[in-house]
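First up is the structure itself, then whatever we jot down about it.
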Amino acid sequence: MAKNFKTDNFKCSKETSRTDIYNPAFNNNVKLENQKEDSFHQNLNKWILFIQWAKWFPDLWYDMLKPEKGGMRLDLDQRVFLRCMSRFISTYGVFPRGFGKTMLELMSIYHTCVFFPDITIAMSAQSKENASSISEEKHKEILKWFPLLKNEVAEAHFTKNSTEVIFQSGAIYSILANAQTSKGQRKRRLNIEESALLNNALFKDCLEPVVNVPRRTVGTRATVNPCELNGMINFLTTSGYRGSDEFVRISSMIDAMAELKGKMVLSASWELPCHYGRGETRSQILAKKNDPTSSAIFFAMNYEEKWVNNSTAHSLRTYKYRVWYFKYC
């Protein structure tokens with residue numbers, strides 16, 4: 001009688017052929033819950049598309065992090081600047097005081113640290129003290145405007161002459177100086193502040209070799225991604241003098257930009273941020289321009305972003321002195 005109590009799955013007869021697909025006795029005895037994937041693997045393709053989108057549109061990613069009330073509203077020129085910093089192998093930005101270029105620079109760095117695991121990025125300035133103070137101030141502002149970014153920052157250390165921000169992805173942001181002390185350092189990307197004051201011999205000897213070693217992926221293969229912008233060097237500054245090393249560099253980068261060689265040059269005068277309501281008002285800036293105690297060369301370089309030469313500077317100083325002499329003497 002025991003054979004009468006066997007399930008159809010164990011019977012071998014013509015009557016119990018395994019053709020009935022709706023017979024529950026023919027189901028696989030492997031537990032289905034062991035074969036289920038978690039939600040991450042089920043939506044892996046969607047995550048891949050999201051990462052691609054976020055890498056290509058850093059400004060829209062920051063819009064996602066912005067709280068419903070408050071936060072930082074990015075203007076059109078700031079969005080263009082952020083996208084260029086993420087899409088080109090080298091970007092040269094010449095912007096006036098009050099534009100917010102250092103803030104956008106650090107936002108671009110933090111965006112890269114979130115989406116590129118174990119990457120190392122540095123910002124160099126005239127001195128480490130200057131770079132550290134700038135980094136600490138802008139770091140606090142970024143976390144204030146985008147509170148969700150706190151979840152991506154594991155540690156942040158700021159001292160008088162050093163800065164180190166470690167992210168959950170393993171990426172590290174640090175600072176360097178535009179000096180011989182940076183020789184031998186190795187980073188994956190580099191941003192240079194006040195590059196108009198940079199000496200080309202120092203750049204070739206100390207700063208350019210910093211990004212020689214590319215980043216390797218963190219997967220099992222640990223290979224170099226050929227599509228990644230390894231060796232990226234960005235330059236941010238106000239304008240300088242014609243004939244200087246940086247004037248030659250920016251001129252060559254303009255030619256490379258026209259030839260679609262992966263480089264970008266952006267520049268604007270004080271009127272662009274003033275149009276969007278950033279920095280000082282128009283009346284305040286024009287008052288500086290008409291101030292008899294200020295230099296016309298200083299205003300042209302720091303606000304109008306004009307590259308001037310030494311002979312022009314000398315002529316303007318002489319002309320201004322003569323006008324003052326005949327007016328008051």
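Residue numbers (the UniProt record's numbering): 1 to 329.
Positions of the beta carbon are idealized from the N, C-alpha and C atoms, including for glycine.
Quick caveat, the model's predicted, so the values are computed rather than measured.
*In angstroms, rounded to a whole number, what distance separates the CA positions of Leu304 and Gly262?*
Within the sequence shown, residue 304 is the residue found at index 304, counting from 1. Within the sequence shown, residue 262 is the residue found at index 262, counting from 1. Note that residue 304 corresponds to Glu in the displayed sequence, not to Leu. If you take the alpha carbons of Glu304 and Gly262, they lie about 27 Å apart.
_Member of Asn191, Cys274, Ala201 and Phe57 whose CA lies at the smallest distance from the CA of Gly93_ = Position 93 of the sequence shown, counting from 1, holds the residue named residue 93. When only C-alpha atoms are compared, the closest one is Asn191.
*Sort out for me which residues DSSP pairs Ala125 with in a bridge.*
The count along the sequence shown starts at 1 and reaches residue 125 at position 125. BP columns for Ala125 point to Ala177.
_For Leu198 and Glu246, which I take to be in contact (beta-carbon distance under 8 Å), what is that distance rounded to the nearest angstrom?_
If you number the sequence shown from 1, residue 198 lands on position 198. If you number the sequence shown from 1, residue 246 lands on position 246. Right, the Cβ-Cβ distance comes to about 6 Å (below 8 Å), so this counts as a contact.
*Residues bridged to Thr163 (per DSSP)*: Taking the first residue of the sequence shown as 1, we reach residue 163 at position 163. DSSP, once it has assigned bridges, lists Phe158 as partnering Thr163.
*Got a sec, what are the start and stop residues for the beta strand (DSSP E) Arg189 sits in?*
Position 189 of the sequence shown, counted from the start, is the residue given in the question as residue 189. For Arg189, the enclosing beta strand (DSSP E) starts and ends at Arg189 to Glu193.
*Grab me the residues of Thr223's own chain with a C-beta within less than 7 Å of its C-beta, minus the 5 sequence neighbours each way, in chain order.*
Residue 223 sits at position 223 when you count from the first residue of the sequence shown. Answer for Thr223: Arg216 and Thr217, listed in chain order.
*Would DSSP call Tyr303 helix, strand or coil?*
Start at 1 with the first residue of the sequence shown, and residue 303 comes out as number 303. The answer is coil: DSSP assigns Tyr303 none of H, G, I, E or B.
*Of all Cβ atoms in chain C, is any one closer than 8 Å to the Cβ of Ile172?*
Judged by its chain identifiers, the structure shown contains no chain C, having just a single protein chain.
*Beta-carbon separation (whole angstroms), Lys187 vs Ile142, contact threshold 8 Å*: What you label residue 187 is simply residue 187 of the sequence shown in a count that begins at 1. What you label residue 142 is simply residue 142 of the sequence shown in a count that begins at 1. At roughly 20 Å, the Cβ-Cβ gap does not stay under 8 Å, so Lys187 and Ile142 are not in contact.
*asked:* Going by DSSP in three states, Val308 sits in which element: helix, strand or coil?
replied: Residue numbering aside, residue 308 sits at position 308 when the sequence shown is read from its first letter. The answer is strand: DSSP assigns Val308 an E or B state.
*Who are the near neighbours of Ile285 in its chain, counting only those whose CB is closer than 7 Å to its CB and skipping five residues on each side?*
To locate residue 285, count along the sequence shown from 1; it is residue 285. Correct list, in chain order: Trp270, Cys274 and Tyr303.
_Contact the segment 52-60 vs the segment 75-94: 3+ CB pairs below 8 Å_ = Below 8 Å, enough C-beta pairs join the segment 52-60 and the segment 75-94 to call them touching: three or more.
*How about Phe81 and Leu266: are their beta carbons less than 8 Å apart?*
Within the sequence shown, the letter at position 81 stands for residue 81. Within the sequence shown, the letter at position 266 stands for residue 266. The answer is yes: Cβ separation under 8 Å.
*Excluding five sequence neighbours on each side, which residues of the same chain lie with their C-beta closer than 6 Å to the C-beta of Gly279?*
Position 279 of the sequence shown, counting from 1, holds the residue named residue 279. Once the five neighbours on either side are set aside, the close Cβ partners of Gly279 are Gly98 and Pro273.
*asked:* Which residue wins for smallest C-alpha separation from His251, given the options Trp307, Gly277 and Lys101?
replied: By one-based count along the sequence shown, residue 251 stands at place 251. This sequence places Ser at residue 251; His is not what is there. Checked all of Trp307, Gly277 and Lys101; the closest Cα to Ser251 is Trp307.
*Name the DSSP bridge partner or partners of Ile142?*
To locate residue 142, count along the sequence shown from 1; it is residue 142. Residue pairing by DSSP places Ile142 opposite no residue, since no beta bridge is assigned to it.
*Where does Phe50 land, buried or exposed, given buried means 16+ other C-beta within 10 angstroms?*
Counted from its first residue, the sequence shown places residue 50 at position 50. Taking all protein chains shown into account, Phe50 has fewer than 16 neighbouring C-beta atoms within 10 Å of its C-beta and is therefore exposed.
*Residues near Ser108 in its chain [Cβ-Cβ closer than 7 Å; skip 5 each side]*: Taking the sequence shown and counting its residues from 1, the one referred to as residue 108 is at position 108. Within the same chain, Ser108 has close Cβ partners Pro58, Leu82, Met85 and Ser86.
*Can you tell which of Thr112, His41 and Asn43 has the C-alpha that lies nearest to the C-alpha of Ser169?*
Here residue 169 refers to the residue found at position 169 of the sequence shown. It is Thr112 whose Cα lies nearest to the Cα of Ser169.
*Whole beta strand (DSSP E) elements within the segment 260-307, 3-residue minimum*: The segment 260-307 contains these whole beta strand (DSSP E) runs: 263-267.
*Mind checking Asn309: buried by the 16 CB within 10 Å criterion, or exposed?*
As a working note, residue 309 is residue 309 in the sequence shown. Answer is exposed; the Cβ neighbour count stays below 16.
*So who's on the other strand from Ala182, going by DSSP bridges?*
Position 182 of the sequence shown, counted from the start, is the residue given in the question as residue 182. At residue 182 the sequence reads Ser, which differs from the Ala that was named. DSSP output for Ser182 lists no bridge partner at all.
_Just to check my reading of the structure: Phe95 and Ala268 have Cβ atoms closer than 8 Å, yes? What is that Cβ distance to the nearest angstrom?_
On the sequence shown, position 95 is the one that residue 95 refers to. On the sequence shown, position 268 is the one that residue 268 refers to. Phe95 to Ala268, Cβ: 6 Å. Contact.
*Would you mind sorting Ser294 into buried or exposed? The rule is 16 or more other CB atoms within 10 Å of its CB.*
On the sequence shown, position 294 is the one that residue 294 refers to. Counting the other CB atoms within 10 Å of its CB gives Ser294 a total below 16, which places it among the exposed residues.
*At which residues does the alpha helix (DSSP H) containing Ser251 begin and terminate?*
Here residue 251 refers to the residue found at position 251 when the sequence shown is read from its first residue. Taken as a continuous stretch (DSSP letters only), the alpha helix (DSSP H) holding Ser251 covers Asp245 to Ala258.
*Smallest Cα separation from Phe219: which of Ser162, Phe116, Leu106 and Glu208?*
In the sequence shown, the residue the question calls residue 219 occupies position 219. Sequence inspection shows Gly at residue 219; the Phe mentioned does not correspond to that position. Scanning Ser162, Phe116, Leu106 and Glu208 for the CA closest to the CA of Gly219 turns up Phe116.
*Which of helix, strand or coil does DSSP assign to Asn212?*
Taking the first residue of the sequence shown as 1, we reach residue 212 at position 212. Three-state result, Asn212: coil.
*asked:* Does Ser90 come out as helix, strand or coil in the three-state DSSP assignment?
replied: Taking the first residue of the sequence shown as position 1, residue 90 is located at position 90. When secondary structure is reduced to three states using DSSP, Ser90 falls in the strand class.
*asked:* Which complete beta strand (DSSP E) runs does the segment 90-117 hold, if anything under 3 residues is left out?
replied: Annotation: the segment 90-117 contains the following complete segments of the beta strand (DSSP E) (minimum length 3 residues), in chain order: 90-94.
*Can you pull the DSSP bridge partners for Thr220?*
Locating residue 220 in the sequence shown gives position 220, where the first residue counts as 1. DSSP lists no bridge partner for Thr220.
*DSSP three-state call for Met72: helix, strand or coil?*
What you label residue 72 is simply residue 72 of the sequence shown in a count that begins at 1. In this structure, Met72 counts as coil in the three-state DSSP scheme.
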